[in-house]
Amino acid sequence: MMAAKIRRILVALDASSHSFSALAAAAELAAELEAELLGLFVEDIELLKVAELPYERQIVSFSGVLRDLDKAGLEQELRLQAGRARRALEAAAKHSKVRWSFRVTRGAVVTEVLAAASVSDLITLGKTGWSRPGKRGLGATARTVLAQASGSVLLLERDIDLSHPLMVLFDSSQAVAGLDLAAAILHGKEDGLLVLIPGAASEDAERLQAAASERLKSLGVAKVRYRCLATLQGEQIAKLAQSEDGGVLILPGSSPLLKEAEFQNLLGRLELPVLVVR
Amino acid sequence: MKTPGELTPEALRRSCDPEQFDFVTTAELGNDAEIVGQPRAVEAVRFAVGIDHDGYNVFALGPSGMGKHFLAEHFLTQQAEKRPIPHDLCYVHNFAAANKPSRLMLPAGMARQLSEDMDTLVEEISSVLPVAFESDEYQARLHSIEEEFKQRPEQAFDDIQQHAKTHGFALLHTPVGMIFAPVKDGEVVTPEAFKKLPEEEQKRLQGDIEQLQERLQKILREIPRWEREMRSKIRELNRETTDFSVGHLIDELREKYAGHAEVLDYLLEVQKDIIDNARDFLRTKDGQAAGEGSSIKRRYQINVLVDHGASTAAPVVYEDNPSFANLIGRIEHIAQMGTLVTDFMLIKPGALHRANGGYLLLDARKVLLQPYAWEGLKRALRALQIRIESLGQALSLISTVSLEPEAVPLDVKVVLLGDRLLYYLLCAYDPEFSELFKVAADFHDDIERSSEHHLLYARLLATLIRKEKLRAFDKAAVARVIEQSSRLVGDGEKLSARIADLADLLREADYWAGQSANGVVTAADVQTAIDAQTYRADRIRERIQQEILCDTIYIDTAGTKVGQVNGLSVLQLGNFSFGRPSRITARVRLGEGEVIDIEREVELGGPLHAKGVFILSGFLGARYARAQPLSLAASLVFEQSYGGIEGDSASSAELYALLSAIAELPLRQSLAVTGSVNQHGEVQPIGGVNEKIEGFFDLCKARGLSGEQGVIIPKANVKHLMLRQDVVEAARADRFHVYPVDSIDQGMEILSGLPAGELNEAGDYPEGSVNFLVTQRLKELSAARAAFAAAAQPQQQE
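One line per chain: the protein sequences are A and B, in this order.
Heads up: the first sequence at position 170 corresponds to 170 in this note's numbering, and the numbers run straight through without jumps.
Heads up: the second sequence at position 127 corresponds to 405 in this note's numbering, and the numbers run straight through without jumps.
1. When you compare the CB of B:Lys563 with every CB in chain A, is at least one pair closer than 8 Å?
2. Using beta-carbon positions only, say whether B:Leu773 and B:Asp724 come within less than 8 Å of one another.
3. Within the continuous beta strand (DSSP E) that includes B:Phe856, where are the two ends?
4. Inspect the CB distances between the segment 372-383 of chain B and the segment 753-761 of chain B and report whether three or more fall short of 8 Å.
5. Can a CB atom of chain B be found closer than 8 Å to the CB of A:Lys49?
6. Where does A:Asp44 sit, in a helix, a strand or coil, going by DSSP?
7. Thinking C-beta only, is B:Gly973 closer than 8 Å to B:Gln962?
8. Can you tell me whether DSSP reads B:Pro1033 as helix, strand or coil?
9. Return the Cβ separation of A:Gly246 and A:Met167 in integer angstroms, given the expectation that the two are a contact with Cβ distance under 8 Å.
10. Any contact between the segment 617-633 of chain B and the segment 388-406 of chain B? By contact I mean 3 or more CB pairs, one from each, below 8 Å.
11. What's the gap between the Cα of A:Lys71 and the Cα of B:Glu479?
12. Could you tell me which chain B residues have their CB closer than 7 Å to the CB of A:Glu52, listed as they occur along the chain?
13. Report the CB separation of B:Leu914 from B:Ala864 in whole angstroms; it is logged as a contact under 8 Å.
14. Hey, B:Val692 and B:Leu662: beta-carbon distance below 8 Å or not?
15. Is the distance from the Cβ of B:Gln823 to the Cβ of B:Asp1004 below 8 Å?
16. Against B:Leu475, what residues of chain A qualify as contacts under a CB-to-CB distance less than 7 Å, listed in chain order?
17. Does chain B have any CB closer than 8 Å to the CB of A:Arg8?
18. Assign B:Glu396 to one of two classes, buried (16 or more other C-beta atoms within 10 Å of its C-beta) or exposed (fewer than that).
19. From the DSSP output, which residues share a beta bridge with B:Asp366?
20. For B:Phe472, would you say it is in contact with chain A, using Cβ-to-Cβ distances shorter than 8 Å as the test?
21. Taking only the alpha-carbon atoms, compute the straight-line gap between B:Val1091 and B:Arg513 and give it to the nearest angstrom.
22. In its own chain, which residues sit with a C-beta less than 6 Å from the C-beta of A:Arg132, not counting the 5 before and 5 after it?
23. Using 10 angstroms around the beta-carbon of B:Asn581, count the other beta-carbons present and answer buried if the total reaches 16, otherwise exposed.
24. Using 8 Å as the threshold, is the C-beta distance between B:Tyr578 and B:Leu382 below it?
25. Among the residues of its own chain, which have a CB less than 6 Å from the CB of A:Leu146, if the five just before and after it don't count?
26. Can you round the beta-carbon distance between A:Arg227 and A:Leu196 to whole angstroms, since I take them to be within the 8 Å contact cut?
27. Kindly provide the ranges of any alpha helix (DSSP H) runs that are 4 or more residues long and lie completely inside the segment 149-220 of chain A, ordered along the chain.
28. Would you check if the segment 484-501 of chain B and the segment 447-466 of chain B touch, i.e. whether three or more CB-CB distances between them fall below 8 Å?
29. Going by C-alpha to C-alpha distance, which of B:Gly343, B:Glu1007 and B:Asp414 sits closest to B:Asp782?
30. Report the residues of the segment 365-383 of chain B with a CB closer than 7 Å to any CB of chain A, ordered along the chain.
31. Please state the DSSP three-state secondary structure of B:Asn686.
32. Report the residue ranges of all alpha helix (DSSP H) runs contained in full by the segment 575-599 of chain B; include only those spanning at least 4 residues, in chain order.
33. Mind the definition here: the segment 982-1000 of chain B touches the segment 892-900 of chain B only if three or more C-beta pairs lie below 8 Å; say whether that holds.
34. Residues of chain B with a CB under 8 Å from the CB of A:Val110: which are they?
35. Across which residues does DSSP place B:Ala448 in a beta bridge pair?
36. How far does the alpha helix (DSSP H) with B:His887 in it reach, from first residue to last?
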């Protein structure tokens, strides 16, 4: 069974550095997969509502100073942000020579992103928003989108580097979508694939490896390295990613690693982008 | 047959006997030329060198070409061997103030060693440090520190978010900041809903929000402090890591230089600095050492200004170009990106640095000609330290930030070489001079001529010959050079101390020896060199002689004339001087006793010449007109002289001409006369006697020596005679005569052939004597004047 080809990549932009990294990664992926970039900027309706409250003031992140907040001012700031996001998208798309479109909507962020996601094959998101200093792990928006989105999701905090090995977790014979996507990203390149198989030296593991090998052969990928994992824990995968200098970690959407606490732990330790395939 | 009183040929030239030397050629003589005949100067220098007090520097004074430099350097080099080798001098980076480099003074040879050790140290550190910083242990500790400090704000934000949530608020992000919004049933309270709340509730919410904002602000303010704390912990870790990997390297150096507190202090500073700047040693991503060629490695280098590693004695330095910077040292700059930059490695030493602990020889004239060099030298000597600063700084013209290297203590004896005039001018006009140069080493122009000095002189010549890499001189050649040396000072009893002239003669004789393919230089080569020197210089002399020979200038060399005498003068053109005969005439008429010096009247005569004429008229009056008025008017002149005349050496000749004119007594024109006269009629010595005699001799020789010709000279000049060999030979063959006289009477006897005559008891001169004739004529003039006056008086009464 072949996974649906990725034709449209949604980039949720909030003009933070993570979201620009997501944009760069999306543009690179789009170039590899010959897909189209869909840029989305959501004007958060909740913010606009709060701005109308009397006495409301905001604390400027970088200085800690209190500043008056009004709706008109906030709208202005949001418009500026959207403009910045648009220009960034345009530049990235031109650089990668991919088709693109950009849209600004107003509403609840998660709802809008999910609505846009329904017409795309892959969502790229910054792991956290831009306004929260020192925050590691997954932001609330990203968490909700990941949980509710039906398509694949790419989470990142820095630029993607496809010259480093792709790491694919293959934990059930059903999880072939990750392998298919990896093959598509590799695009005929040799020696860039590392398949992680849980359950070291067990029959299950051997079976999984054989299945993966067969699948990849059919996709035209000959050179593959396999690594068996004794336990399936975030910490172990993070260490492996560091020692292998991995480029992207591809996880099947059904993986137990995506369970709330475990996933936060993994993301907190990982610096490389994570692609959840559904 | 010699006329009585005439000088023998031996007296005309004091020759030097080669047989007194017990060597065949100068090659046998050692290189141990002592300073000859300068005991005063040597004693002065020895005293200055020996006395250990400030200001006892030396000014060696004497004309140039005296070999002051040669002698001083020779003597100082001998002295320097007895002094300890001074310390090396180097500048190092001052870690506390980079623009004030520190100096290190280390035992001879150690500076270079330390410099190499420091280079090695830096190289080792460059390879050791990156390894230490890439080690797993370091990385693990670094990670744990970073982790610890990253968690703090995260925790704080989580806490406040949690706190807000429990109190019914949500923390929302705007494009530029954060806000707390009241939440109800998981939704942000809309403005409409908010307005519907009771006023008290609204106020409570507002108060809660303010409290939350305050807490958030506090967290935001804490973040920079946490980051600072983290950085300081990382720094501490880096420090520890560096100290561990570098400490033992520096400890090794510390052991090596254990006895040298200055070095130990420096090493301590280095260690501290390396620990503080360890990151600069780490390699960049490109694999290039970050510090390569840049300031980090440069600042641990040692700038060795003075290295005495190879010295065997205290330094004796001669600075040929004593400019301010060459004396005091300078700070160079390099152009970098269009600006000029400098550091301690660009400090360059001056002559004072190099000579510190020893001796510095300088040419006084050159020092004074270089702008501010004299002031700079004096300042260093007065302060007893060398402070390097540019002229702009020294004169406060420029105040840009530059280096101020630590001053170097100065212990040097300076020997200035210069003319006497310079010395006396400095004494008179520079009040500091006498304080700083307390010792004058006064060099004689000439040296006493004795057989002992002959030998020393021969050794000196041998040293010069060897230094100049010339052929050896045989003993006859040495004797000839010694004779010429006497001639150069115009004194048969002296030797020249002008080494430069001697060296010229030696070189030229060597050249002529080469031309005639002689293995050694002979007396003939020396004579050729002397003749060639004369020939090259004597165009004007020859020209004048030609004018005389073709009777354009009138000079008689035969027969007799009344009131006319051949005087002798010396002309100096450049370094060449020669004698030239001049016709001096006197005319006499009735008058009131005045002697007119025509040269003076037309301002062609100098004051000394005028003085001579006044003296001779004094003599004339005192001797011949004591009882009667001197009733003549006489005029004296140098015929065919169109330039100035100075000196009194012709005053005896003028007196002879005058006496001849008064007595109408013909004088021999085959003789020429020189000598000054005093009021008692005594003939006094003059200068340039050799040139004067030779000048007349050359003329007579050109016309053909008659055997009558000769020159009358003052007796006191006999010791100065060093005449040319051909003059001596002519005298030996009785073709030319030199008559020494000590009074006018003797001269007149030789010139007139009559006895001078002495006063008898009656107060008269014997009849037929010169003095009788003069007295007689003066009496006649006096009578004539009296008669003339008597004849004129009645007319006046009428």
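Even glycine gets a Cβ: it sits at the ideal position worked out from N, Cα and C.
From the atom records:
1. Low confidence applies to B:Lys563: its pLDDT is 42, below 50, so where it sits in the model is not reliable, and the reading given next is rough at best. No, because no Cβ of chain A sits closer than 8 Å to the Cβ of B:Lys563.
2. yes
3. Counting along the chain, the beta strand (DSSP E) containing B:Phe856 begins and ends at Phe854 to Leu868.
4. no
5. yes
6. strand
7. no
8. coil
9. 4 Å
10. no
11. 23 Å
12. Pro469
13. 5 Å
14. no
15. no
16. Those do not exist, as B:Leu475 stays about 11 Å from chain A at its closest Cβ, beyond 7 Å.
17. no
18. Looking at the sequence provided, one finds Met at residue 396 of chain B rather than Glu. Buried.
19. B:Leu384
20. yes
21. The displayed coordinates of chain B run from 279 to 1076. Any statement about residue 1091 of chain B would go beyond what the structure contains.
22. In this predicted model, A:Arg132 has a pLDDT of only 46, less than 50, meaning its place in the structure is not dependable enough to derive any value.
23. Flag for B:Asn581 reads buried.
24. no
25. Cβ within range, chain order: Val153.
26. 5 Å
27. 176-186 and 203-218
28. yes
29. B:Gly343
30. Interface annotation for the segment 365-383 of chain B against chain A: empty, criterion Cβ-Cβ distance under 7 Å.
31. It should be noted that the sequence gives Val, not Asn, for residue 686 of chain B. Note: B:Val686 maps to strand in three-state DSSP.
32. none
33. No, they do not touch.
34. Near A:Val110 there are no residues of chain B at all, since even the closest Cβ is about 13 Å away, more than 8 Å.
35. B:Ala459
36. Pro885 to Tyr902
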